[in-house]
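Visitor:
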Amino acid sequence: MSDLYNVSAAPHLRYPTKTNTIMRDVIIALIPASLFGIYNFGLRALLVILTTVLSCTVTEYVYCRLMKKQVNPWDYSDIVTGLLLALNLPASIPMWMAALGGVFAILIAKMVFGGLGQNFINPALAARVFLFISFPGRMSAFALEKIASPTTKELLRHGALVIDGVSGATPLGQIKAGETVNLMKMFIGNIGGTIGETSALALLIGAAYLFYRKVITPIIPLSYILSFAVFAIIFGGHGFDANYILGHILGGGLLLGALFMATDYVTSPITLKGQVIFGVFIGIMTGIFRIIGTGVEGVSYSILLGNLLVPLIDNLTRPKAFGKERVKNGKK
479 MSDLYNVSAA PHLRYPTKTN TIMRDVIIAL IPASLFGIYN FGLRALLVIL TTVLSCTVTE
539 YVYCRLMKKQ VNPWDYSDIV TGLLLALNLP ASIPMWMAAL GGVFAILIAK MVFGGLGQNF
599 INPALAARVF LFISFPGRMS AFALEKIASP TTKELLRHGA LVIDGVSGAT PLGQIKAGET
659 VNLMKMFIGN IGGTIGETSA LALLIGAAYL FYRKVITPII PLSYILSFAV FAIIFGGHGF
719 DANYILGHIL GGGLLLGALF MATDYVTSPI TLKGQVIFGV FIGIMTGIFR IIGTGVEGVS
779 YSILLGNLLV PLIDNLTRPK AFGKERVKNG KK
């Protein structure tokens with residue numbers, strides 16, 4: 479029989495559009511959160527974004543040249559990785575740490591495994607976890623007000639600036655301490671946190687654009703958020719307390735993770751059933767880290783653990799190839 483009719487299990491393509499078009503749409507979708515982060519934390523946030531994007535771009539270019547691989551500057555994947563990494567970092571992080579995160583994301587989490595489409599974990603999240611494990615103090619220094627605008631001399635001398643205001647507990651820290659949080663401030667984004675996670679409104683605007691462009695579907699985000707909400711209701715000790723549940727959803731990196739990190743094509747399941755399982759798993763894991771564990775976050779770890787299970791989920795949920803029958807004891 480001709481190979482034309484030797485068809486493997488569907489689906490065959492994850493998305494019909496070219497990679498550079500998808501990446502361009504993701505960049506556009508991240509603009510609202512990026513702009514709000516710059517507004518919220520000042521020029522320092524912009525410098526962190528530029529640093530991570532530049533370090534990712536340069537690292538990928540140098541690696542491809544050294545390994546004699548084709549350099550494709552127009553797929554924009556390195557820019558997306560750098561931008562996502564920056565949005566997962568506090569604005570007060572030293573520039574050299576931000577650059578180191580970019581190098582780790584591209585070199586260790588992406589290129590070592592074969593480059594775009596071959597990595598099995600999200601590079602930006604892998605870099606964030608690497609930085610958090612290596613420099614927990616710096617990665618937990620969240621500004622609650624704008625960071626003082628730096629001079630070039632100050633940036634070159636110190637690499638980090640003193641916050642013009644105070645550092646303090648993020649909304650998740652307040653929830654962990656049993657305090658009530660201001661949901662409207664959390665929705666708009668006038669709170670402490672990483673550069674891109676503070677404004678739920680900005681993240682939802684970006685996600686709406688991706689839904690409109692059909693770059694992502696709501697399956698994984700909804701499965702993630704709803705399963706976490708159910709977990710919080712059952713194990714949070716607050717019942718159906720809206721302030722507690724919505725505070726957890728709007729606070730920290732849950733929306734950023736659900737809408738932009740968990741939906742990554744390469745590191746998420748292919749099938750509809752697999753995407754639901756994936757979303758439920760990371761939702762439950764986030765609940766375990768946040769509510770049962772001693773920490774206040776857990777989104778990055780949950781998604782990375784989910785990434786590791788994607789091959790298994792795909793294998794269990796992949797539909798049978800057309801015409802295939804189960805064989806038992808050598809008989810049909």
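In terms of my numbering, the sequence shown opens at residue 479 and continues consecutively.
In this text, a Cβ means the ideal position worked out from N, Cα and C, and glycines have one as well.
1. Taking Pro568 as the reference, give the member of Ala604, Val558, Gly615 and Lys546 with the closest Cα.
2. Leaving out the 5 sequence neighbours to the left and right, which residues in its chain are closer than 6 Å to Ala577 when beta-carbon positions are compared?
3. Between Ile506, Leu513 and Arg502, which has its C-alpha nearest Gly667's C-alpha?
4. Mapping the DSSP letters down to three states, classify Lys692 as helix, strand or coil.
5. Could you tell me the distance, in whole angstroms, from the CA atom of Pro494 to the CA atom of Val693?
6. Do the region 755-765 and the region 698-708 meet, that is, are 3 or more Cβ pairs less than 8 Å apart?
7. Contact between the region 735-746 and the region 695-704 is defined here as three or more beta-carbon pairs at a separation below 8 Å; is this criterion met?
8. Rounded to whole angstroms, how far is the Cβ of Asn597 from the Cβ of Val774, which I believe are closer than 8 Å?
9. Could I get the ranges of all uninterrupted alpha helix (DSSP H) runs contained in the region 707-790, with 4 residues as the minimum, in chain order?
10. Check for me: the alpha helix (DSSP H) holding Asp556 runs from which residue to which?
11. Can you tell me whether Ile599 is helix, strand or coil according to DSSP?
12. Mind checking which residues open and close the alpha helix (DSSP H) that includes Ile527?
13. Rounded C-beta distance between Leu525 and Met575? I'm assuming under 8 Å.
14. Starting from Ala576, trace the alpha helix (DSSP H) both ways and give me its first and last residue.
15. Answer with buried or exposed for Ile611, where buried requires no fewer than 16 other C-beta atoms within 10 angstroms of its C-beta.
16. If you compare alpha carbons, which of His716, Gly725, Leu594 and Gly579 is closest to Gly651?
17. Tell me the rounded alpha-carbon separation between Gly515 and Gly579.
18. How would you write the range of the alpha helix (DSSP H) that Phe665 sits in, first residue to last?
19. State buried or exposed for Pro797, treating a residue as buried only when at least 16 other CB atoms are found within 10 Å of its CB.
20. In the DSSP assignment, find the unbroken alpha helix (DSSP H) run with Gly615 in it and report its ends.
21. Give every residue of the same chain whose Cβ lies closer than 8 Å to the Cβ of Lys663, excluding the five residues on either side of it in the sequence, and list them in chain order.
Guide: Checking against the coordinates, here is how it stands:
1. For the options Ala604, Val558, Gly615 and Lys546, the alpha carbon positioned closest to that of Pro568 is the one of Gly615.
2. When the five nearest sequence neighbours on each side are left out, the beta carbons in the same chain lying within less than 6 Å of the beta carbon of Ala577 are those of Thr529 and Ser533, in order along the chain.
3. Distance from the Cα of Gly667 is smallest, within the candidate group Ile506, Leu513 and Arg502, for Leu513.
4. Residue state, collapsed to three classes: coil.
5. Low per-residue confidence applies at Pro494: pLDDT is 46, beneath 50, and the placement is therefore not dependable enough to give any value.
6. Between the region 755-765 and the region 698-708, the count of C-beta pairs closer than 8 Å reaches three or more; the two stretches touch.
7. Touching, yes.
8. Not really, about 28 Å apart at Cβ, beyond 8 Å.
9. Runs of the alpha helix (DSSP H) lying entirely within the region 707-790 and spanning at least 4 residues, in chain order: 720-728 and 750-765.
10. For Asp556, the uninterrupted alpha helix (DSSP H) segment begins and ends at Ser555 to Leu565.
11. Ile599 falls in the coil class under three-state DSSP.
12. It spans Leu521 to Leu544 - the alpha helix (DSSP H) in which Ile527 sits, taken as one unbroken run.
13. The C-beta distance from Leu525 to Met575 rounds to 12 Å, too long to meet the 8 Å contact threshold.
14. Per DSSP, Ala576 is one residue of the alpha helix (DSSP H) stretching across Met573 to Val581.
15. Its Cβ having fewer than 16 others within 10 Å, Ile611 is exposed.
16. Of the candidates His716, Gly725, Leu594 and Gly579, the one whose C-alpha sits nearest the C-alpha of Gly651 is Gly725.
17. So the alpha carbons of these two residues sit roughly 19 Å apart.
18. Segment Leu661 to Ile666, the alpha helix (DSSP H) holding Phe665.
19. Pro797 is exposed by the Cβ-count criterion.
20. It spans Pro614 to Met617 - the alpha helix (DSSP H) in which Gly615 sits, taken as one unbroken run.
21. The residues Ile669, in chain order, have a CB closer than 8 Å to that of Lys663 in the same chain once the five nearest residues on each side in sequence are set aside.
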